[in-house]
Amino acid sequence: MQNGRTDGTYGPTGSGRSISLDFRWDVEASGKESGTGYRTQDDDDEINQGITVYKWHRPRDEAIAPSPQASRLKRHCRNASYATARLQSCAGYVEDKSKGPMLRFQDSLPRLPVPTLEETAARYVKTLHPLLSPAEYAASKKAVEEFVKPGGVGQKLQEKLIARREDPNIKNWLSEWWNDAAYLSYRDPIVPYVSYFYSHRDDRRRRNPVKRAAAISTAVLEFKKMVDAGTLEPEYMKKLPICMDSYRWMFNACRVPARPADYPVKADPAVAKHIIAVRKNKFFKIAHEVDGRQLSTSELEAQFARVYELAADQRAPAVGALTSENRDVWTDARKVLLDASPKNAAALEAIESASFVVCLDDAAPVTLEERAHQYWHGDGQNRWYDKPLQFIVNDNGTSGFIGEHSMMDGTPTHRLNDYVNDVIFNNKVDLAESEVRSGLPDPAAIAFEVTPAVRAEIDRAIRDFDAVIAQHELAVQAYQGYGKGLIKKFRCSPDAYVQMVIQLAYHKMYGKNRPTYESAATRRFQQGRTETCRTVSDESVAFCNTMAEPTGATTDAEKADLFRKAIAAHLEYISAASDGKGVDRHLFGLKRLLEPGQELPAIYKDPAYAYSSSWYLSTSQLSSEYFNGYGWSQVIDAGFGIAYMINENSINFNIVSKGLGSQKMSYYLREAADDIRDLLLPTIQSEPPKAKL
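Mapped onto my numbering, the consecutive letters of the sequence shown carry residue numbers 310 to 1002.
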């Protein structure tokens, strides 16, 4: 198994790489849809991940002089009410206004709970039942019973874990362990195994890449001001505020390779006031604030145009390709780079401290598959994959985003990208300001000294990258048959519904169901990130089996009933997981507390433990009117990575695997979606005619 730990902690997605998102527009009582309205999620729709309510908040107490675009953004927000009544009504949550709007609830968020041993044992055994033979299940159940018996090793580990949770110096018993095990100690390359991408909707008014890059940068800088000042409104889950701690790793941050584990760095945003542009593998430092004033969109256009001129046509040695390597290899290569010349240290510092990166690619992707490849990995060059924020603009004006995952899950960067595109598409910031100050400094070329030793490292990185990417298959299924509009008429949760589509598609392809991961957000707890939702249940397997039976063996009404039972089982599990009562993180924490040399309990030696956390399907969803795709890699060599977006009248799937037939899975997803629709259509009761007045 590649990317591979076998204890449920392996892989960048593994049991934890979650992009657990489902934002969409809801209209407030005013009936208006604008930047001053809530972005919200209907609790009845997505009971699972549900990051639910947030406002786009105007900057307050800005540290720098307001830019023209900021002034216009404020005009858009002039009539906004910032949901103060709603926020103050959050029972049990205390506002600390000294920390600013973004973090005002942070200290009153509950701590991640430790489920009882009995809860976890029962839920774990239940998840094993549909995956194992009767003999395997009996052996696993015995190992679990031995682990949780009174006075046993499980109870002792549980006591230690509870003590850790109660330690006042530890805000979250899991977060440090998880960040290390799932991300920072993970040695496989960031790309394609850790990074994730968003593909933006086309901006037809800005086909010119210079204009597109400037518009994106302007909007990102507006969002950055809110984050830096702490004026960004927090998000909500089931109407309760959630953790905003990870936003501090959004800007001016970077992951740095090291042994045995990488580490994050964060520059002072009051000092590091620049972005990095990359063109033809050449890095340029662009000051985004000059003389206390943010650059206007026109000024940024001038800067990016100058980058195109300075970069010319010839590519430079791709120093950025080093960041695509295995983390140990990159650690060694970084030392070679630093030893080559003192100015390389300054070059690294400029990149690592930058607010964000804009990659100006000499590519022109058109199809959804071409765009997905370009944003997910590109050619391994013209990037700095260690940065959490990289915006990619192509020669044809198409754009996207790639994120590094170690310190932030997908919800913050989704909010950022959604904000950026909303601001641009709905003219909420002045992108037509024509004034360009004289005397603005030119973009500063970041000069790396590339010695023969450095060149050899770059050449190896490019070869290794090409070999890894060549092993992967990517397919996009832009399913147009229906979307959440019809799914809601079936009275189903759209997310749970699509999870069953994926289960049925896998069953069609393999004749069985295998362990499946869906991310569940636990950000309602301090420093919360994700928990695993184990999608496969007795109910989902029963449904898939009956759908594969010969026609007439089971009535359609019976199949529909089994489908709804599978939906209910899924919702029960993911709701518990979001409440911190999943299986995988608890078992991981208990195992982490074993003393060096202590015998591994039978529950962890049981083959079912490794198998049930080997994610043959790694899945998650996101919804945005501004994206036409997003995704990441599979977790294990024998598995698929399936990202999906549920729109009103369509469902978009991004399918990645290592030679398993992503196109074939795409076909089965379409067929499964058709089959379930056809099964449920007769169940829709026609509405009674409205009475005439």
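Just so you know, even glycine gets a beta-carbon here, dropped at the ideal spot from N, CA and C.
Rounded C-alpha distance that separates residue i from residue j
i: E980; j: V503; result: 30 Å
i: L909; j: L896; result: 13 Å
i: S664; j: A581; result: 7 Å
i: N961; j: S932; result: 10 Å
i: V745; j: E608; result: 5 Å
i: D648; j: D571; result: 20 Å
i: R680; j: P674; result: 5 Å
i: V1005; j: D731; result: With the chain covering 310 to 1002 only, the question about residue 1005 has no answer from this structure.
i: C842; j: N956; result: 22 Å
i: R514; j: L740; result: 11 Å
i: F613; j: S605; result: 12 Å
i: L725; j: W558; result: 13 Å
i: T760; j: F710; result: 31 Å
i: R496; j: L440; result: 30 Å
i: Q699; j: E848; result: 42 Å
i: E840; j: L466; result: 20 Å
i: E355; j: F799; result: The pLDDT assigned to E355 is 40, lower than 50, so where the model puts this residue is not dependable; a value taken from the coordinates is nonetheless given after this. Taking the straight line joining both Cα atoms gives about 14 Å.
i: P1003; j: D554; result: Any property of residue 1003 remains undetermined from this structure, which presents the chain solely from 310 to 1002.
i: G968; j: Y977; result: 16 Å
i: Y953; j: N854; result: 24 Å
i: V505; j: D727; result: Reading off the sequence shown, one finds Tyr at residue 505, where the question assumed Val. Using only the alpha carbons, I get a separation of about 15 Å.
i: S959; j: I985; result: 15 Å
i: V807; j: A982; result: 8 Å
i: P803; j: M809; result: 10 Å
i: F532; j: Y920; result: 42 Å
i: E934; j: K520; result: 21 Å
i: Q464; j: K900; result: 12 Å
i: Q943; j: S927; result: 6 Å
i: S887; j: I755; result: 44 Å
i: D600; j: S922; result: 54 Å
Coil, strand or helix - residue i by DSSP
i: N478; result: coil
i: L902; result: coil
i: L466; result: helix
i: P573; result: strand
i: E853; result: Note that residue 853 is Cys in the sequence shown, not Glu. The answer is helix: DSSP assigns C853 an H, G or I state.
i: M553; result: coil
i: S747; result: coil
i: R873; result: helix
i: Y882; result: helix
i: R602; result: strand
i: R564; result: strand
i: A452; result: helix
i: M559; result: coil
i: L669; result: strand
i: Q786; result: strand
i: I960; result: strand
i: L813; result: helix
i: P991; result: helix
Whole-angstrom C-beta distance between residue j and residue i, which should lie under 8 Å
i: V574; j: E661; result: 6 Å
i: I778; j: P501; result: 7 Å
i: F757; j: A656; result: 5 Å
i: Q930; j: A784; result: With a Cβ gap of about 17 Å, Q930 and A784 do not count as contacting.
i: F949; j: Y507; result: Not a contact, Cβ separation roughly 20 Å.
i: K868; j: L990; result: Not confirmed; about 13 Å, so no contact.
i: V845; j: Y433; result: Contact doesn't hold; Cβ gap of about 13 Å is too wide.
Minimum C-alpha distance to residue i - residue among the options
i: G712; options: P697, P721 and C842; result: P697
i: L646; options: Y913, T992 and V628; result: V628
i: I477; options: V944, P905 and R420; result: A small correction: the amino acid at residue 477 is Pro; Ile does not occupy that position in the sequence shown. Among V944, P905 and R420, the Cα nearest to that of P477 is on R420.
i: D775; options: S633, Q808, Y806 and Q835; result: S633
i: A567; options: K797, R615, R602 and S494; result: S494
i: H509; options: L418, K533, T429 and T707; result: T707
i: M974; options: Y819, E598 and P824; result: Y819
i: G719; options: W941, V965, K458 and R901; result: W941
i: E658; options: T860, V667, D670 and R643; result: R643
i: G837; options: E475, N488 and A447; result: N488
i: I585; options: Q907, P752 and R823; result: P752
i: H781; options: N963, F593 and V403; result: N963
i: E542; options: T640, S923 and Y556; result: Y556
i: G687; options: V457, K652, I525 and N590; result: N590
Near the ligand PLP: residue i beta-carbon under 7 Å from a heavy atom
i: D695; result: As for the ligand PLP, it is missing from this structure, which has no ligand bound.
Subject >> Contact between the region 683-692 and the region 544-551 (3+ Cβ pairs under 8 Å) >> reply: no
Subject >> Given 8 Å, three or more beta-carbon pairs between the region 816-832 and the region 783-798 >> reply: no
Original post:
Can at least three beta-carbon pairs, one atom from the region 406-415 and one from the region 868-877, be found at a separation below 8 Å?
Top reply: no
Original post:
For the region 853-867 against the region 444-457, are there 3 or more C-beta pairs whose distance is under 8 Å?
Top reply: no
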